[in-house]
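Chemist:
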Amino acid sequence: RNRKTAFSWYLKAAQQGDMEAQTLVGQCLLNGEGTDPDKSQAIEWLNMAVDQGNEEAIELLNSLL
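Everything in the sequence shown is counted per the numbering used here, starting at 309 for the first residue and increasing by one.
What follows is the structure in structure tokens.
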């Protein structure tokens with residue numbers, strides 16, 4: 309339950325353009341934490357964070373290659 313709540317808050321912040329939240333949403337979607345896993349959605353959110361220069365998102369995307 310707490311993970312679902314956390315994901316909900318991360319998603320709200322991510323939708324407002326917060327790159328840290330976009331990275332967290334991507335991680336949650338990759339790992340199925342607080343939401344159903346969805347690799348393609350995860351990649352979309354991580355790419356948004358990468359576009360803003362988020363190093364962690366860059367590393368996560370590189371690990372998927």
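All C-beta atoms in this analysis are idealised placements derived from N, C-alpha and C, irrespective of residue type, glycine included.
Three-state secondary structure (DSSP) at L373?
Modeler: Three-state result, L373: coil.
Chemist: Whole angstroms are fine: how far does the CA of R311 sit from the CA of G361?
Modeler: Taking the straight line from one Cα to the other gives about 26 Å.
Chemist: May I have the straight-line CA-CA distance separating T313 from G340, to the nearest angstrom?
Modeler: So the alpha carbons of these two residues sit roughly 13 Å apart.
Chemist: Going by Cα to Cα distance, which pick from F315, G342, P345 and L369 is closest to M356?
Modeler: The candidate whose alpha carbon is nearest that of M356 is L369.
Chemist: With the cut-off set at 8 Å, would you say T331 and E364 are in Cβ contact?
Modeler: Yes, these two residues count as a Cβ contact at 8 Å.
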